[in-house]
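Enquirer: Take a look at this one; I'll ask things after.
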Ligand code: NDP
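Residue numbers (this note's numbering): 21 to 349.
So, in structure tokens, the structure goes:
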């Protein structure tokens, strides 16, 4: 594993992080979840990503249980607040009340005294940013949160947050957007704004939820047990993995497979390595439904891709990859 600094901060994170959305507490049993966490640790992954809302809070609890015997100083535990964790009117959003209550609940489930990076999972247009950043500032002063981040905020929202973070002395150092060969919407606006503010990118779904593993092909049915099979019918399917299950996209991916082979990589390794070629990316958060996927994908750490390989990929994906910054969030 290789390690990078998170934005301008002194915090080092593993180039590849493990996330547990959809998997822990839902798609996979707890034994497999624990085996995945241990495969990640064995591979040198130190950065773990979760959120209070994942699997209705079970994902945090499973991660906490899996990591409870690991030296706390040797890992970075990251979680998020915003999405509803209950039915009450204050069980959501970025109000001071919800941030404080959610943070304490996350600390309990994660079995830890502090969160390394605490993210606002989305922008909350119904709460003043001053209230949100004051709550983050207080958590930082209390030692319950070390660094603050945001997820899927636009460049403008990030700039507004960064101004308040300076005023309230909040170490706002992370942005967590979606980023992959297929989803490049952060390149035009979010990355330049973050660069100005010293904020690093810890990006999600570098394999476009498994689409870039190459297991979905234009001519064969969706593989059993895959993310696409297990989330089919969910209200978010078309916005997530389902959006890429089109012949045109899958045909292009078939044409990238030989490029991976020529580079001595599997397609998932090439996809993760592609994301890591961007110097603004501090870490790529992978997901996994079994330990073998982690063992395979971590080999992308430290890989340098030739300019020619990058150009070939860009050329093939022109017209298929999404670049529009308005799609942020
Ligand atoms: P990926 O793009 O890495 O997709 C992971 C999935 O792809 C796996 O669960 C598996 O699904 C499949 N896969 C992975 N490796 C292989 C392989 N080698 N061969 C075949 N299939 C493979 O990331 P995720 O979409 O899981 O997202 C990663 C993390 O990012 C999340 O856990 C979460 O922490 C974070 N995230 C953050 C969001 C936010 O709003 N901030 C939103 C979404 C994610 P399967 O085997 O089931 O097909």
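Each residue gets a CB set at the ideal place from its N, CA and C atoms; glycine is no exception.
1) Taking the Cβ atom as the reference point for each residue, do residue 306 and residue 38 lie within a distance shorter than 8 Å?
2) Label residue 317 either buried or exposed according to how many other C-beta atoms from any shown protein chain fall within 10 Å of its C-beta, with 16 as the threshold for buried.
3) For residue 235, verify whether its CB is less than 7 Å away from any heavy atom of the ligand NDP.
4) Compare the Cα-Cα distances from residue 350 to each of 125, 302, 87 and report the closest residue.
5) Report the option in 339, 292, 332 whose CA atom is closest to the CA atom of residue 234.
6) Between residue 239 and the ligand NDP, is the CB less than 7 Å from at least one heavy atom?
7) Answer yes if the segment 123-143 comes into contact with the segment 159-176, meaning at least three C-beta pairs across the two stretches below 8 Å, and no otherwise.
8) Report the partner residues of residue 67 according to the DSSP bridge assignment.
9) Once you ignore the five residues that flank residue 27 on each side, which residues in its own chain have a CB closer than 6 Å to its CB?
10) Let me make sure I understand the geometry here. Which of 112, 134, 133, 128 has the alpha-carbon closest to that of residue 146?
11) Would you call residue 40 buried or exposed, if buried means 16 or more other Cβ atoms sit within 10 Å of its Cβ?
12) Can you tell me whether residue 330 is buried or exposed, with buried defined as 16 or more other CB within 10 angstroms of its CB?
13) Is residue 148 helix, strand or coil by DSSP?
14) Which residue's Cα is closest to the Cα of residue 177: 162, 199, 157, 148?
15) So which of 245, 255, 335 has the shortest CA-CA distance to residue 273?
16) If you run the structure through DSSP and keep just helix, strand and coil, what is residue 221?
17) Find out if the Cβ-Cβ distance for the pair residue 129, residue 84 is shorter than 8 Å.
18) Check for me: the alpha helix (DSSP H) holding residue 50 runs from which residue to which?
19) Do you know offhand how far residue 304's Cα is from residue 224's?
20) Would you mind working out which of 82, 338, 35, 98 sits nearest residue 201, comparing C-alpha positions?
21) Excluding the 5 residues flanking residue 77 on each side, which residues of the same chain have their C-beta closer than 7 Å to its C-beta?
22) Looking at the ligand NDP, does it come within less than 7 Å of residue 224, judged from the CB to the closest heavy atom?
23) Residue 258 to residue 198, Cα distance in whole Å?
24) Taking 7 Å as the line, does the beta carbon of residue 309 fall inside it for any heavy atom of the ligand NDP?
Expert: According to the data block:
1) The count along the chain shown starts at 1 and reaches residue 306 at position 286. The count along the chain shown starts at 1 and reaches residue 38 at position 18. In this structure, residue 38 lies closer than 8 Å to residue 306 by Cβ.
2) Counting from one through the chain shown, the residue named residue 317 turns up at place 297. With 16 or more Cβ atoms within 10 Å of its Cβ, residue 317 is classed as buried.
3) For this step, residue 235 is matched to residue 215 along the chain shown. The answer is yes for residue 235.
4) Given that the chain is displayed from residue 21 to residue 349, the structure contains no residue 350 and the question cannot be resolved.
5) The residue you call residue 234 lines up with position 214 of the chain shown. The residue with the shortest Cα to Cα distance from residue 234 is 292.
6) Numbered from 1 along the chain shown, position 219 holds the residue referred to as residue 239. For the ligand NDP, not one heavy atom lies less than 7 Å from the Cβ of residue 239.
7) yes
8) Locating residue 67 in the chain shown gives position 47, where the first residue counts as 1. Looking at the DSSP assignment, residue 67 forms a beta bridge with 96.
9) Working through the chain shown from its first residue, we reach residue 27 at position 7. Closer than 6 Å at the Cβ level, and outside the excluded window around residue 27, lie 193, 218, 219, 220.
10) The count along the chain shown starts at 1 and reaches residue 146 at position 126. When each option's Cα is compared against that of residue 146, the closest is 112.
11) As a first step, residue 40 must be located in the chain shown, where it is residue number 20. Result: buried.
12) As a first step, residue 330 must be located in the chain shown, where it is residue number 310. The residue is exposed, with fewer than 16 neighbouring Cβ atoms inside 10 Å.
13) By 1-based counting over the chain shown, the position of residue 148 is 128. Coil.
14) Indexing the chain shown from 1 puts residue 177 at position 157. Each of 162, 199, 157, 148 was checked against the Cα of residue 177, and the nearest Cα belongs to 148.
15) For the purposes of this step, residue 273 is taken as residue 253 along the chain shown, with counting starting at 1. Nearest option by C-alpha distance: 335.
16) Within the chain shown, numbered from 1, the residue matching residue 221 stands at position 201. If DSSP states are grouped into helix, strand and coil, residue 221 belongs with the strands.
17) Walking along the chain shown from the start, residue 129 turns up at place 109. Walking along the chain shown from the start, residue 84 turns up at place 64. Yes.
18) Your numbering for residue 50 matches position 30 in the chain shown. Unbroken alpha helix (DSSP H) run through residue 50: 50-62.
19) On the chain shown, position 284 is the one that residue 304 refers to. On the chain shown, position 204 is the one that residue 224 refers to. Their backbone Cα atoms lie some 6 Å apart in a straight line.
20) Against the chain shown, residue 201 aligns to sequence position 181. Of the candidates 82, 338, 35, 98, the one whose C-alpha sits nearest the C-alpha of residue 201 is 338.
21) Residue 77 sits at position 57 when you count from the first residue of the chain shown. Hits under 7 Å: 105, 129.
22) Here residue 224 refers to the residue found at position 204 of the chain shown. Yes, the ligand NDP has a heavy atom inside 7 Å of this Cβ.
23) As a first step, residue 258 is located in the chain shown; it is residue number 238 there, counting from the start. As a first step, residue 198 is located in the chain shown; it is residue number 178 there, counting from the start. Each residue's Cα considered, the two are about 16 Å apart.
24) By one-based count along the chain shown, residue 309 stands at place 289. Checking every heavy atom of the ligand NDP against the Cβ of residue 309, one is found closer than 7 Å.
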